[in-house]
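In order, the protein sequences belong to chains A and B.
Quick note on numbering: the first sequence equals residues 281 to 524 in my numbering.
Quick note on numbering: the second sequence equals residues 281 to 524 in my numbering.
There are 2 protein chains.
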Amino acid sequence: MSKIIPNISVDCVIFGFDSNQLNVLLVERKLLDEQTSETLIDDWTLAGYHIFEEEDFDTAAARILKRLSGLDHIYLEQFYAFGGVNRLNKPKDQLWLKHQHEGFSDRIVTVGYYSLIDNTSVTLSLKERNVKWFPVSELPELGFDHEEILQKALEKLRTKLRNEPIGFELLPEKFTISQLQRLYESILGQSLDRRNFRKKVMQMKYLIPLNEKQKDVKHKPAQLFLFSKDVYERTKKERFDFTM
Amino acid sequence: MSKIIPNISVDCVIFGFDSNQLNVLLVERKLLDEQTSETLIDDWTLAGYHIFEEEDFDTAAARILKRLSGLDHIYLEQFYAFGGVNRLNKPKDQLWLKHQHEGFSDRIVTVGYYSLIDNTSVTLSLKERNVKWFPVSELPELGFDHEEILQKALEKLRTKLRNEPIGFELLPEKFTISQLQRLYESILGQSLDRRNFRKKVMQMKYLIPLNEKQKDVKHKPAQLFLFSKDVYERTKKERFDFTM
DNA sequence: TTACATTGTGTAACAAGTACACACAAACCT
DNA sequence: AGGTTTGTGTGTACTTGTTACACAATGTAA
Numbered sequence: 281m282s283k284i285i286p287n288i289s290v291d292c293v294i295f296g297f298d299s300n301q302l303n304v305l306l307v308e309r310k311l312l313d314e315q316t317s318e319t320l321i322d323d324w325t326l327a328g329y330h331i332f333e334e335e336d337f338d339t340a341a342a343r344i345l346k347r348l349s350g351l352d353h354i355y356l357e358q359f360y361a362f363g364g365v366n367r368l369n370k371p372k373d374q375l376w377l378k379h380q381h382e383g384f385s386d387r388i389v390t391v392g393y394y395s396l397i398d399n400t401s402v403t404l405s406l407k408e409r410n411v412k413w414f415p416v417s418e419l420p421e422l423g424f425d426h427e428e429i430l431q432k433a434l435e436k437l438r439t440k441l442r443n444e445p446i447g448f449e450l451l452p453e454k455f456t457i458s459q460l461q462r463l464y465e466s467i468l469g470q471s472l473d474r475r476n477f478r479k480k481v482m483q484m485k486y487l488i489p490l491n492e493k494q495k496d497v498k499h500k501p502a503q504l505f506l507f508s509k510d511v512y513e514r515t516k517k518e519r520f521d522f523t524m
Numbered sequence: 281m282s283k284i285i286p287n288i289s290v291d292c293v294i295f296g297f298d299s300n301q302l303n304v305l306l307v308e309r310k311l312l313d314e315q316t317s318e319t320l321i322d323d324w325t326l327a328g329y330h331i332f333e334e335e336d337f338d339t340a341a342a343r344i345l346k347r348l349s350g351l352d353h354i355y356l357e358q359f360y361a362f363g364g365v366n367r368l369n370k371p372k373d374q375l376w377l378k379h380q381h382e383g384f385s386d387r388i389v390t391v392g393y394y395s396l397i398d399n400t401s402v403t404l405s406l407k408e409r410n411v412k413w414f415p416v417s418e419l420p421e422l423g424f425d426h427e428e429i430l431q432k433a434l435e436k437l438r439t440k441l442r443n444e445p446i447g448f449e450l451l452p453e454k455f456t457i458s459q460l461q462r463l464y465e466s467i468l469g470q471s472l473d474r475r476n477f478r479k480k481v482m483q484m485k486y487l488i489p490l491n492e493k494q495k496d497v498k499h500k501p502a503q504l505f506l507f508s509k510d511v512y513e514r515t516k517k518e519r520f521d522f523t524m
């Protein structure tokens with residue numbers, strides 16, 4: 281196994297969508313006093329780790345994601361690097377780092393990635409630590425500067441979503457127009473008119489209608505669609521615009 | 281003076297506009313054989329340097345920019361971090377690093393910033409090294425992975441330009457609509473219809489017409505305008521859209 | 001005075017965005 | 001079997017934005 285680089289890490293903001301709201305995957309950070317068993321730290325952080333000596337950023341991000349979710353080949357996007365001198369200097373953070381004994385540096389710089397996964401289909405792993413999905417609208421207390429990192433990720437995700445069809449990464453392979461709409465609404469934080477939304481997305485040639493309908497729903501079943509990355513790539517010039 | 285961090289640097293892609301085309305500021309990288317005076321390396325690089333121990337990324341970028349241009353308070357935007365394992369492994373780059381004797385690490389990770397300046401008003405400094413503007417359409421051979429960094433910067437700049445009024449950073453305080461149009465054309469790489477361009481930008485309230493005209497031009501002098509960042513911030517919601 | 005270069009302007013046709021209401025299908029309940 | 005619930009699917013009138021396109025006016029230089 282190769283050595284970590286003590287002062288460089290990658291943090292992943294793992295977004296998931298549960299057909300209703302946007303969630304983030306967080307890892308519990310818990311520290312008990314060895315003598316008194318008193319809780320010294322109990323909060324949450326993004327998934328992150330140092331990069332290894334022979335590893336580039338993308339690989340490190342994929343590794344972290346795989347370790348948590350078991351998933352490979354997931355959409356990952358580098359969005360910003362965080363290098364503030366005091367980013368890990370709160371007493372709690374210092375305390376945590378001291379207990380790690382892994383040869384981390386005093387000053388750690390981190391590269392932020394966000395990833396998009398359909399969280400209806402994920403079983404969380406990571407034995408040693410508690411891992412949980414949180415709605416982005418109800419976040420717990422976050423350690424380090426991870427609140428800042430998360431907000432930046434969200435902002436970049438919103439911008440990206442308005443310009444490229446990346447939303448599909450968050451949906452199951454087959455989805456309905458309403459699911460797609462709820463996704464846009466929950467990421468952009470605004471509600472959209474149903475008829476106009478349909479009209480707009482139906483123009484997009486890479487949205488492929490299937491001869492198949494929803495099942496086991498207690499209402500009129502909706503038609504299912506596929507996103508064709510293929511068709512998208514071929515017709516890219518027609519700019520994607522999600523102003524509404 | 282404080283110590284550098286051996287494995288982390290910041291590189292600046294300094295864009296300038298000369299009322300005609302988009303340029304980048306590059307620094308010559310020249311190495312002669314100590315005995316034979318043979319030229320071992322002669323190419324160009326972006327302006328960059330390691331960060332210091334008590335310095336964050338933004339500060340480091342501003343420092344590098346100031347050193348080269350003498351300018352402060354310049355538009356600077358972090359756009360991507362580059363951490364490929366082999367990014368400095370070409371023989372030329374290795375040779376160069378060996379001659380530096382500054383305690384750099386083997387594996388250097390860099391954070392890319394681009395900056396926008398009006399290059400009609402800059403006098404270049406940096407005594408030891410040769411520094412020069414190059415049109416982005418006629419770049420010389422670049423050292424390290426700086427070609428890749430530059431292309432990424434350009435791509436990010438294009439996206440940003442379509443969504444925010446950052447073009448003004450590249451123009452003198454007072455400018456004409458045609459200068460603005462040439463700027464958009466040269467960054468986006470497409471020509472725009474003059475009447476439609478005017479119509480569009482004239483709607484933007486933060487473009488303030490002055491009671492003043494161009495001078496010393498050998499044709500009908502054009503009206504001058506100001507960009508009001510102030511008005512822009514106040515009317516931000518009205519999304520900026522530069523599709524055309 | 002003339003040639004030149006560049007500024008400044010309007011409109012018609014078309015495409016896209018917005019706002020808005022009602023019938024339909026399936027499942028569930030009784 | 002019939003009614004209730006819930007979310008699906010559809011059209012149109014209005015407003016706004018996009019595109020394509022040509023000619024007169026202004027100042028300079030010869």
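Positions of the beta carbon are idealized from the N, C-alpha and C atoms, including for glycine.
Please read all numbers here as calculations on a predicted model, not as lab measurements.
Under the 8 Å Cβ criterion, the segment 480 to 490 of chain B does not count as touching the segment 334 to 343 of chain B, having fewer than three qualifying pairs.
DSSP places Tyr486(A) in the coil class of the three-state scheme, outside both helix and strand. Annotation: Cβ neighbours of Tyr360(B) in chain A (cutoff 7 Å, chain order): Gln358.
Against chain A, a Cβ distance below 8 Å from Glu428(B) picks out nothing, because the smallest value is about 13 Å.
Assignment of beta-bridge partners to His330(B) by DSSP yields Ser289(B). Glu427(B) carries a helical assignment under DSSP once its states are collapsed to helix, strand and coil. Beta-carbon to beta-carbon, Phe295(B) and Leu306(B) are separated by about 12 Å, too far to satisfy the 8 Å threshold.
Assignment of beta-bridge partners to Tyr393(B) by DSSP yields Cys292(B) and Gln358(B). Taking every protein chain shown into account, the CB of Gly350(B) has fewer than 16 other CB atoms within 10 angstroms, so this residue is exposed.
Using a Cβ-Cβ cut-off of 8 Å, Asp336(B) is close to Gly363, Gly364 and Val365 of chain A, given in chain order. Of all residues in the segment 384 to 396 of chain B, only Arg387, Val389 and Val391 place a beta-carbon less than 8 Å from a beta-carbon of chain A.
Residue pairing of Asn303(A) in beta bridges, as defined by DSSP: Gly296(A) and Pro415(A). Inter-segment contact for the segment 436 to 456 of chain B and the segment 379 to 386 of chain B is absent: fewer than three beta-carbon pairs are separated by less than 8 Å.
In this structure, the beta-carbon distance from Leu326(A) to Ser405(A) does not fall below 8 Å. Judged by DSSP in its simplified three-state form, Thr439(B) adopts helix. When secondary structure is reduced to three states using DSSP, Phe448(B) falls in the helix class. Under the Cβ distance rule, Arg519(B) counts among the residues neighbouring chain A, one pair being separated by less than 8 Å. Its chain contains Leu368 and Phe384 as the residues whose beta carbon lies nearer than 8 Å to that of Leu377(B), once the 5 sequence neighbours on both sides are disregarded; these appear in chain order. In chain order, Ile285, Asn287 and Ile288 make up the part of chain B whose C-beta sits under 8 Å from the C-beta of Asn287(A). Looking at His330(B), Arg462(B), Val411(B) and Lys516(B), the one whose alpha-carbon comes closest to that of Gly363(A) is His330(B). Spanning the alpha carbons of Ile397(B) and Phe297(B) requires a straight line of approximately 7 Å.
Contact between Ile467(A) and Arg438(A) holds, with the beta-carbon distance rounding to 6 Å and staying under 8 Å. Contact annotation for Glu513(B) against chain A: no contact, minimum CB-CB distance about 17 Å [criterion: below 7 Å]. Under the three-state reduction of DSSP, Phe522(A) is assigned to coil, being neither helix nor strand.
Residue burial annotation: Ser289(B) is buried, with at least 16 other C-beta atoms found within 10 angstroms of its C-beta. If the five residues before and after Ala502(B) are omitted, its C-beta is found closer than 8 Å to the C-beta atoms of Thr456, Ile457, Ser458, Lys493 and Gln494, all from its own chain and listed in chain order. Sorting Pro286(B), Cys292(B) and Asn287(B) by C-alpha distance to the C-alpha of Leu434(B) places Cys292(B) at the top.
Burial of His426(A) is indicated by the presence of at least 16 other C-beta atoms within 10 angstroms of its C-beta.
Under the Cβ distance rule, Glu382(A) does not count among the residues neighbouring chain B, no pair being separated by less than 8 Å. Interface residue (Cβ-Cβ distance to chain A less than 8 Å): Glu444(B) is not classified as such. Annotation: the continuous beta strand (DSSP E) that includes Leu320(A) extends over Thr319 to Thr325. Cβ contact annotation for Lys346(B) (same chain, cutoff 8 Å, sequence separation greater than five): Asp352, in chain order. DSSP places Phe477(B) in the helix class (H, G or I) of the three-state scheme. Relative to the Cα of Glu382(A), the nearest Cα in the group Phe507(A), Arg519(A), Asn287(A) and Ser508(A) belongs to Asn287(A). For Glu333(B), the nearest beta carbon of chain A is closer than 8 Å to its own beta carbon. For the options Lys372(A), Phe522(A), Lys283(A) and Asn443(A), the alpha carbon positioned closest to that of Arg478(A) is the one of Phe522(A).
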